[in-house]
Structure formats: structure tokens, C-alpha cells
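Enquirer: One structure follows; several queries about it will come next.
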Amino acid sequence: MIELKNVKKTYPNGVTALNGIDIHIDSGEFVYLVGQSGAGKSTFIKLIFREEMASSGDIYINNRDLSTMKWKDVPHLRREIGVVYQDFKLLPKMTVYENVAFALEVVEESPRQIRKRVMEVLDQVGLKNKARFIPDELSGGEQQRVAIARAIANYPKLLIADEPTGNLDPDTSWEIMKILEEINATGTTIIMATHSKDIVNTIKRRVIAVEGGLVVRDQHRGDYGYED
Ligand code: ADP
Ligand code: ADP
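In this text, residue positions in the sequence shown follow the numbering used here: the first is 177, and each later residue adds one.
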């Protein structure tokens with residue numbers, strides 16, 4: 177489902193963030209992306225989402241070649257990928273319901289379908305009763321659950337989580353992990369960049385470690401491997 181071949185990324189300022197990445201990720205996998213700050217994790221995620229383009233090498237997502245993909249096809253790619261961020265990125269003036277519905281409205285679903293699906297995903301993350309709230313009225317963990325609901329609303333095959341528990345306390349982080357595991361159990365591929373040693377060492381999954389723009393470790397049921 178995801179294939180990177182000798183992928184390099186040098187930013188316009190001359191910084192090389194990725195220096196020859198080869199990765200293959202199958203459908204349904206749960207992958208932790210670990211590595212110190214500046215290692216290239218976010219760049220990797222941006223390339224997959226086509227937020228940035230590789231300087232060289234090949235990237236295939238669901239058999240689509242990202243290097244030759246036309247701009248008009250990028251929205252279609254993004255519809256197949258849900259993304260969750262450390263800082264949630266919810267729309268502050270919109271309700272929980274609207275934040276999720278918005279993701280469906282941009283893909284031109286019928287109003288009836290949107291309503292049904294919004295309540296379904298809010299139910300899945302345990303927030304059906306907070307549909308009328310705005311993000312400020314929610315805890316950090318609840319806001320992240322809204323972000324997850326929004327990310328999965330379009331039934332993406334791939335869910336990318338960029339340090340989803342980075343702003344959350346340990347108890348809340350485990351709740352978020354439980355939801356991500358449930359989503360993965362339905363067949364959705366998950367790539368999660370994380371600095372949580374506890375999570376990686378407790379919920380054992382594939383670990384890909386990046387350092388200096390290179391994959392330095394790729395382990396089935398791996399360890400976090402760093403001390404922070
Ligand atoms: P990580 O997510 O692992 O912290 P990043 O992918 O954000 O790593 O960064 C990798 C390297 O690329 C760092 O040296 C960073 O400063 C640099 N970098 C990231 N984004 C940009 C950008 N938009 N322009 C220039 N350099 C960048
Ligand atoms: P129930 O019948 O259990 O109340 P609903 O699906 O009617 O469930 O709605 C659950 C919550 O979602 C309610 O708080 C409702 O106000 C809110 N809601 C439903 N549709 C919308 C909408 N279009 N815009 C904003 N909030 C909505």
C-alpha cells in the first residue's frame with residue numbers, strides 16, 4: 177500500500193530532511209515512526225500526504241505514483257488518507273458536529289449521509305453526546321478524539337497520526353491508543369510518529385526508526401530504543 181524507493185527530500189533552503197528512504201508498508205499494518213527531533217519524521221508524513229514533493233525517488237500510495245500525480249488528483253489521494261496532529265487542528269468556531277461534517281461536505285456527500293456518518297464516527301470515539309460543543313469546551317483528549325473522528329469519516333485506508341498523544345497526559349494517551357487500535361483492527365493502516373517510549377514498549381508493533389533522514393532500524397514488534 178505504501179512503497180518508498182530511495183526517497184530524498186531537500187528543502188529549498190538546502191536542508192536535506194530525507195536522504196534515501198526505502199520503506200514498504202502493507203495494508204492493515206500498524207507502524208510507529210520513531211526518531212529524535214529533526215530526524216525527518218514529519219517530512220516523511222508530508223510526502224505521503226503530498227503536502228511536500230520528494231526531490232528524487234519514488235513514492236507509491238495505493239498503487240498511485242505520487243511523483244507523476246497531477247494536482248487535480250491530489251484531493252482524491254488525500255481522501256484516502258486521514259491525518260491527526262499533535263495540536264488537533266480543529267476549527268475553533270465550529271461545533272464538534274460541524275468539524276466532522278466539514279470533512280464530508282468537501283467530498284460532496286448528501287446531507288442525509290453526512291448526518292448519519294458524523295454521528296456514527298462520533299459514537300465510535302465516544303463523543304456522540306458532545307456534538308454541540310465547541311473545541312474550547314472539551315478536554316485535550318476529547319479534542320483529539322474529535323480530530324480522529326474527522327480523520328476517519330471518509331473511511332480512509334490509511335490513518336497518519338503525527339505525535340497524537342504529544343499534548344496529552346498518560347491516561348488520556350492510553351484512551352487515544354485504544355481508539356487507534358480499534359481503528360486498526362477494522363483494517364485501516366496506521367502510521368504513528370511518536371516520542372512515547374511507554375506506548376511503543378507496551379503496545380508492541382512494527383517500529384521504523386529514522387535518524388538523519390535515513391531508516392536506521394525496522395523491527396517487527398520493536399522497541400522505542402531511545403531514552404527520552
Ligand atoms: P522530525 O519530524 O523528525 O522532527 P522534520 O521532518 O520536521 O523532522 O525535519 C527534518 C529536517 O528538515 C530538520 O533539519 C528540519 O529543520 C528540516 N525541515 C523541516 N521542514 C522544513 C522546511 N519546510 N524547510 C526547511 N527545512 C525543513
Ligand atoms: P439524537 O436523536 O440521539 O439526539 P441526533 O443525531 O439527533 O441524535 O443528534 C445528536 C447531536 O448532534 C445533538 O446534539 C444534535 O443537536 C447534534 N446535531 C445533529 N445534527 C446536527 C447538525 N446538522 N448541526 C449541528 N449539530 C447537529
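Glycine residues also receive a C-beta, built at the ideal position from the N, C-alpha and C atoms.
Tell me whether Val282 sits in a helix, a strand or coil according to DSSP, three-state version.
Expert: Coil, per DSSP.
Enquirer: DSSP has Asp241 in a bridge; who is on the other side?
Expert: According to DSSP, which records beta bridges pairwise, Asp241 is partnered with Tyr236.
Enquirer: Closer than 6 angstroms by C-beta to Ala193: which residues in its own chain qualify, once you throw out the five before and the five after it? Chain order, please.
Expert: Within the same chain, Ala193 has close Cβ partners Lys185, Gly216, Thr219, Gly389.
Enquirer: Name the two residues that bound the continuous alpha helix (DSSP H) containing Gln300.
Expert: Segment 287 to 300, the alpha helix (DSSP H) holding Gln300.
Enquirer: With distances taken between CB atoms, is the gap from Val322 to Val272 smaller than 7 angstroms?
Expert: Going by C-beta atoms, Val322 is nearer than 7 angstroms to Val272.
Enquirer: Taking 6 angstroms as the cut-off, is the CB of Tyr187 close to at least one heavy atom of ligand 1?
Expert: Yes, the beta carbon of Tyr187 sits closer than 6 angstroms to at least one heavy atom of ligand 1.
Enquirer: Going by C-alpha distance, which of Val391, Ala307, Ala385, Thr365 is nearest Ile237?
Expert: Residue Thr365 is the option with its Cα nearest to Ile237.
Enquirer: Should Gln289 go down as buried or exposed, given a rule of 16 or more other Cβ atoms within 10 Å for buried?
Expert: Flag for Gln289 reads exposed.
Enquirer: Excluding five sequence neighbours on each side, which residues of the same chain lie with their C-beta closer than 8 angstroms to the C-beta of Ile379?
Expert: The residues are Met353, Glu357.
Enquirer: Measuring alpha carbon to alpha carbon, tell me which residue in Pro188, Ser243, Gly214 is nearest Lys181.
Expert: Of Pro188, Ser243, Gly214, the residue nearest in Cα terms is Ser243.
Enquirer: With three or more beta-carbon pairs closer than 8 angstroms as the criterion, would you say the segment 267 to 287 touches the segment 322 to 341?
Expert: With a cut-off of 8 angstroms, the segment 322 to 341 and the segment 267 to 287 count as touching, because enough Cβ pairs lie within range.
Enquirer: Would DSSP call Asp198 helix, strand or coil?
Expert: Strand, per DSSP.
Enquirer: Considering only residues of the same chain and omitting the five flanking positions on each side of Arg240, which have a CB-CB separation below 8 angstroms?
Expert: Contacts found: Asp249, Leu253.
Enquirer: Quick one: using the 10 Å Cβ neighbour count with 16 as the cut-off for buried, is Ser349 buried or exposed?
Expert: It is buried - the Cβ of Ser349 has at least 16 other Cβ atoms within 10 Å.
Enquirer: Among Tyr187, Tyr208, Glu179, Ile197, which residue has its Cα nearest to the Cα of His396?
Expert: Answer by Cα proximity: Tyr208.
Enquirer: Reducing DSSP to helix, strand and coil, say where Asn360 ends up.
Expert: It is helical.
Enquirer: For a test of the three-state rule: what should DSSP assign to Arg226, helix, strand or coil?
Expert: If DSSP states are grouped into helix, strand and coil, Arg226 belongs with coil.
Enquirer: How far does the alpha helix (DSSP H) with Asn182 in it extend, from its first residue to its last?
Expert: Looking at the DSSP string, Asn182 is not in any alpha helix (DSSP H); the run it does join, the beta strand (DSSP E), is 178 to 186.
Enquirer: Looking at C-alpha atoms only, which residue of Ser231, Glu179, Met177, Glu205 is the closest neighbour of Val191?
Expert: Val191 has its Cα closest to that of Ser231, out of Ser231, Glu179, Met177, Glu205.
Enquirer: Could you tell me which of Glu351, Ile257, Val297, Pro287 sits nearest to Ser315, measuring between CA atoms?
Expert: Considering only alpha carbons, the answer is Glu351.
Enquirer: Which value, in whole angstroms, describes the spacing of the CA atoms of Gln262 and Thr370?
Expert: The alpha-carbon atoms of Gln262 and Thr370 are separated by roughly 10 angstroms.
Enquirer: What residues are listed by DSSP as bridge partners for Ile366?
Expert: In DSSP, Ile366 forms a bridge with Phe206, Leu335.
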